[in-house]
Amino acid sequence: MPDIKKGMLRKVPVIFELGCEGREGFALPEAEPLTGEPLPDRFRRAAPPLLPRLDEVSVVRHYTQLSHWNHAIELGSYPLGSCTMKYNPKINEITAALPGFTRVHPLQCEEHLQGSLELLYVLEDSLKRLTGFERITLQPLAGANGEFTGLSLIKKAIEAKGEGATRRKILIPDTAHGTNPASVVLNGFEPVSIETGAEGHLLPEAVVPHLGPELAGIMVTNPNTLGIYEASLKDIAAMVHGAGGYVYMDGANFNAIMGKVRPADIGVDTMHLNLHKTFSTPHGGGGPGAGPVGMTAELARFAPVPVVDRRDDGTFTLVTGSDDSMGKLHPFFGNFGVLVRACTYILELGEEGLHEVTRRAVLNARYLRKRLEEYLDLPYQVETLHEAVFSDKTLKKETGISTMDIAKRLLDFGFHPPTVYFPLIVSGAFMAEPTETESKEDIDDFVAAVATVIGEARENPDMVHNAPHNTGVGRLDEAFAARKKILRYTPAETDPVD
Amino acid sequence: MRYLPHAPHEIEEMLSVIGAGSEEELFASIPADHRSAPSEPSRGLPEFKLLGVMEAMAARNRVLPVKLAGAGVYFHAVPAAVSHIVSRSEFMTAYTPYQPEVSQGTLQAIFEFQTMVSELLGLEVANASLYDAATGLGEALLMAVRVHKNKRTKVLISRAIHPLYLKVVETMLGSFGGITVEYLEVCDTGATTLPEAIGGDVAAVALGYPNFYGVLEPLDQAAGLTTASGALLISVTQDAALLGTLAAPGALGVDIAVAEGMSLAGTMGMGGPSVGLMATRSALVKQMPGRIVGQTQDTGGERGYVLTLATREQHIRREKATSNICSNQALVALAFSVHIALLGHLGLERINTLSMNRARRLMDGLLTIPGVRRVFSGPFVSEFVLSFPGRVEELCNHMVDSGVLFGIRLAPLVSAPELADAVLLATVETLTEGDIDRVVELAANFYGGRK
Amino acid sequence: MDSFKYASTHEWFDPQTGKVGISQFAVDHLGEVVEVELPEVGEDVEKGQEIGTVESTKTASPIYSPVSGKVIEINEELEDSPELVNEAPFGDGWLLIIEPSDPDEVSELLDAEAYADLCAEEEE
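Residue numbers (my numbering), protein chains in the order written: chain A, 272 to 769; chain B, 1370 to 1820; chain C, 948 to 1071.
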């Protein structure tokens, strides 16, 4: 009997608990026993791996049942701040699956890959126009990998000037995402945290004390993770350049300024874009993404290889030779399928459409902010763009209900909560980004849900504190997981791993 | 525009709530001197036209139906059920499972993925995926240095690892700095020449399994060396499917095993999206990069799953994190899992046996042509290197005319005199004996007959 | 417990036994402790040196040595039962024992009252 949780939601056994010996989920020709040169026994498995023994119907049902336990953008709002959970156009999936793209080997000769190379060229060209950079590498596999790439370019440039031993400090505002300092360390630089000004902006005076021969550069998210445009960035960039450093822009929030600001024009030397945020490719439950990196003419000589160029006759060629290149991020062309999706999106919308997307993303965010201000503290009052960060400060003091409680209770109303407890400089942060693909009524519904939860916090705090109540599982014990470390399935009859 | 659900009057209403006169006004916080004069913005395309443009672009690629090429990209038969499952909205359009109560589908699928990877790699704990095998190898090397608390900073890396993986690793280690890389050369059998003993400054030894040339490295022997010196042994496998048949790296003494999974996930066209698999011993889990899902229970005691051991990661540990990885390759990992679930160990055994048989038939056939010789004598699975009597590029072009991708020429990838006329050939289960015989015939005709 | 001394980084030190732990205030801010990393027995440590970490599910907090000296014992119970730090931070949840090398450093530590004032200030 299926174990029903409620309605049609089924409890799903671990896949290894299903099936039995003798079932098959594959359709492959019979294989004759190995003939010719044998595979030496020392290289053969002593025992088969523990893997499912299932037919196709059971496998498809298992994963379909599992899917019912997920929230997703196609089910409803997913207003995670800085994550840009926008609708993922369906046409992108069709184009990414075109056999011409999916059935070629990446090491075929370039005459055979003209379509793929054209795609890379068109995407690079489109991103160049939007950002103003000389060159964009499409190899980086995600935002963090893009950060690594941009910082490596900076490192190469510094080393080329013979300053590698001394210029080691990268300034990072305290609003930054954790990947920023982690990427700095992976590049052998030292992160130096600088404070955001009282109004939520980065101020030139925070940078001044660090200008000097040790400064390698600055890493700025713009707009920052409070959703605030860094109005001093151009001045700061000039100061950093004057001191011999470089400017990296984390473009996670580029969707707020696309069509308004070309980062290269305000002094940014290198930046990454998240195609899985701004350019609509699906997040897939955690990836794959893509993090193309733009660079100025000065840095372009260090670009990862290969780069795609167009010959005079209109054909495309891979340029691999460059002694200065920082190297490679991926053995082939990065997350190519993601690149096809983003390119499709850009071609469908055109720059006109992309600019409209920016306007609507900001309209939605400002509308949400205005409506939510009634219910939650807004620690920074200045104008924001694509997202807004609230705090639970007053509510927590008055009711004991925290951001985490609100987040969990929102699940009961069918909403994915915003990003919580980030950025770190806001206590009990509640960081909401609706994106442009939510309608007014979606936002109104979300606000109504928040209002209900805030009302409950005052009248029936236990209801909020013990939430969620309507989800398939209740609040999960994270400490139990971290202490017990059950990180894989182990059949009951044998001893647990470890 | 079809992705923007706003009627004009709704926009007006929203602006009036905000207290703004126009959408443009909302950007007042961007200083005028930061704005770039808009060039003539390009226009979009309706879907039917767009599809035509993209189809035409894709059609400018040349798809060769018979592929005898591998080098990290293996065209396994991937059943339709795989792409069907990963196309489900609930998987494809979900974020990283930060709110576990509404992400159990993704979390349980990852937990099952970790179990599959742990089984295939033969090590106790696996993570939720890395970008690919090449960055996975780089991460494994950095991890080994961390395990030794940065007190051992030398790594020994086999030259027989995929040269393009090595480029990625060089980029990673080069930028990190402070790590000395020594390369281990390839011997006549195609295996890596292992030193007699290794020093106390070595954090790790990394080998391909099988290596780039298709040769099986004696991992157990290498493990003897690393165990004696306290270094860690790292292996990297270009096609995880092989590990259904081969002795698991962990069983041979590997401490950190890495493998590439895209060829089973069905995303190998153009080389990605890739998916890096990584597993290690449980004692080393605190130094492992990437997300990890763990089993737990909810307030009612019911089984559930959460992201765990997060204090290793960048969002908590920032500059002290084990890696900067945030987005990984979750959906590719799911595709890999679905395929593995369909295959089970019998299916994996079947595809490997088919591939091995085809590989032997191809090798034996080609070796009947005068001047064709095997470059490496070491044991192999389904990928191998043959050297041809000249005109290799011409041979490959000749094959193209018959729809055959005749391996990967090694000369552009590896500069070694003995590989000047060498081709790396690989087989998969989709090739028929007829395909193989036809290819052998084409090659024989090209060189003017058989012995 | 009244005789315990405190570092401004929220470690306590028992001059009687040489035991080091983290305060209730620290525990309250950490949440559920899931892992404790400690130095090796025999290691010489400096006052203020980072000698380990206490990890909860949401954060990893460094442990600073309240005094200089030699590590003579670590609480091995914590490896399997890190929750002891939550349950009894001043008792079974102690972290390690240090033999102090400089008595002056011990007397420089905060007493219970001064530490309570510090916590009240930080709470603001």
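Here a beta-carbon is modelled for each residue, glycine too, at the ideal position from N, C-alpha and C.
Whole-number beta carbon distance between residue j and residue i, since they are thought to touch under 8 Å
i	j	result
Gln1473 (chain B)	Trp340 (chain A)	4 Å
Lys667 (chain A)	Pro739 (chain A)	Actually they are not in contact, since the Cβ atoms of Lys667 (chain A) and Pro739 (chain A) sit about 19 Å apart, beyond 8 Å.
Thr1004 (chain C)	Ala1679 (chain B)	7 Å
Leu305 (chain A)	Met1725 (chain B)	6 Å
Glu1493 (chain B)	Ser1487 (chain B)	6 Å
Leu1700 (chain B)	Pro370 (chain A)	With a Cβ gap of about 20 Å, Leu1700 (chain B) and Pro370 (chain A) do not count as contacting.
Leu1043 (chain C)	Lys952 (chain C)	At roughly 15 Å, the Cβ-Cβ gap does not stay under 8 Å, so Leu1043 (chain C) and Lys952 (chain C) are not in contact.
Separation of residue j from residue i, as counted between CA atoms
i	j	result
Asn741 (chain A)	Val721 (chain A)	16 Å
Pro767 (chain A)	Thr761 (chain A)	In this prediction, Pro767 (chain A) scores a pLDDT of 46, lower than 50, which makes its location untrustworthy; the coordinate-derived value is nonetheless stated afterwards. Straight-line Cα distance between these residues: approximately 6 Å.
Val1761 (chain B)	Gly1818 (chain B)	16 Å
Asn606 (chain A)	Phe1753 (chain B)	27 Å
Asp769 (chain A)	Asp1039 (chain C)	Confidence in Asp769 (chain A) is poor, its pLDDT being 42 and thus under 50, which makes the residue's placement too unreliable to answer from.
Asn416 (chain A)	Leu1511 (chain B)	15 Å
Thr1737 (chain B)	Ala1813 (chain B)	8 Å
Gly307 (chain A)	Ala1450 (chain B)	34 Å
Glu292 (chain A)	Asn1766 (chain B)	47 Å
Pro1618 (chain B)	Leu1437 (chain B)	26 Å
Asn635 (chain A)	Lys505 (chain A)	27 Å
Gly421 (chain A)	Glu485 (chain A)	18 Å
Phe587 (chain A)	Gly1640 (chain B)	18 Å
Phe693 (chain A)	His1684 (chain B)	9 Å
Leu1414 (chain B)	Leu1420 (chain B)	9 Å
Asp713 (chain A)	Pro1013 (chain C)	54 Å
Pro323 (chain A)	Ala1509 (chain B)	28 Å
His1445 (chain B)	Phe297 (chain A)	12 Å
Lys426 (chain A)	Arg754 (chain A)	40 Å
Leu977 (chain C)	Ser1008 (chain C)	8 Å
Glu1023 (chain C)	Leu1031 (chain C)	11 Å
Ile362 (chain A)	Glu389 (chain A)	19 Å
Run of the beta strand (DSSP E) containing residue i, from where it starts to where it stops
i	result
Thr725 (chain A)	The residue you asked about is not Thr; residue 725 (chain A) is Ile in the sequence shown. From DSSP, Ile725 (chain A) is part of no beta strand (DSSP E) but of the alpha helix (DSSP H) over 711-730.
Tyr517 (chain A)	517-522
Residue i: contacting residues in chain A (beta-carbon distance under 8 Å)
i	result
Glu1068 (chain C)	Those within 8 Å of Glu1068 (chain C) in chain A number zero; the least Cβ separation is about 16 Å.
Glu1034 (chain C)	Near Glu1034 (chain C) there are no residues of chain A at all, since even the closest Cβ is about 12 Å away, more than 8 Å.
Listed by chain order, chain A residues near residue i by CB distance under 9 Å
i	result
Ala1785 (chain B)	Within chain A, no residue comes near Ala1785 (chain B); the closest Cβ sits about 18 Å away, beyond 9 Å.
Alpha helix (DSSP H) segment containing residue i, residue limits
i	result
Met542 (chain A)	No alpha helix (DSSP H) contains Met542 (chain A), which is instead part of the beta strand (DSSP E) from 541-544.
Met1870 (chain B)	In this structure chain B extends from 1370 to 1820, so residue 1870 (chain B) is not present and cannot be described.
Arg1515 (chain B)	1502-1516
Ile275 (chain A)	Looking at the DSSP string, Ile275 (chain A) is not in any alpha helix (DSSP H); the run it does join, the beta strand (DSSP E), is 275-277.
Leu1535 (chain B)	1532-1545
Met702 (chain A)	Taken as a continuous stretch (DSSP letters only), Met702 (chain A) belongs to no alpha helix (DSSP H), being part of the beta strand (DSSP E) at 701-703.
Glu1382 (chain B)	1377-1387
Arg1807 (chain B)	1802-1816
Lys755 (chain A)	749-755
Neighbour list for residue i in chain C, Cβ cutoff strictly below 9 Å
i	result
Ile1694 (chain B)	Result: empty, since nearest Cβ-Cβ is about 17 Å, beyond 9 Å.
Ala753 (chain A)	Glu979, Val981, Glu982, Glu1002, Ser1003, Thr1004, Pro1029
Beta-carbon neighbours of residue i, restricted to chain B and to distances below 7 Å
i	result
Glu1002 (chain C)	Thr1680
Ser673 (chain A)	Neighbours of Ser673 (chain A) on chain B: none; closest Cβ ~15 Å, over 7 Å.
Met795 (chain A)	Past the edges of chain A, shown from 272 to 769, lies residue 795 (chain A), and the structure says nothing about it.
Interface residues of chain B facing residue i [CB-CB closer than 8 Å]
i	result
Thr1006 (chain C)	Thr1680, Ile1685
Partner residues on chain C for residue i, Cβ-Cβ distance less than 7 Å
i	result
Ala750 (chain A)	Glu979, Val981, Thr1004
Contiguous beta strand (DSSP E) assignments of at least 3 residues, all confined to the region 1554-1617 of chain B: 1571-1577, 1601-1606
Alpha helix (DSSP H) runs contained entirely in the region 1700-1744 of chain B, provided each spans 4 or more residues: none
Complete beta strand (DSSP E) runs within the region 957-1041 of chain C (minimum length 3 residues, chain order): 958-960, 966-969, 980-984, 997-1003, 1007-1011, 1016-1021
Whole beta strand (DSSP E) elements within the region 1627-1683 of chain B, 3-residue minimum: 1645-1649, 1662-1666, 1672-1676
Completely contained alpha helix (DSSP H) runs for the region 581-661 of chain A, where each covers 4 or more residues: 607-643
Continuous alpha helix (DSSP H) assignments of at least 4 residues falling wholly in the region 444-498 of chain A: 450-457, 475-478
Contained alpha helix (DSSP H) runs [length at least 4] in the region 1448-1494 of chain B, N- to C-terminal order: 1449-1455, 1458-1461, 1473-1490
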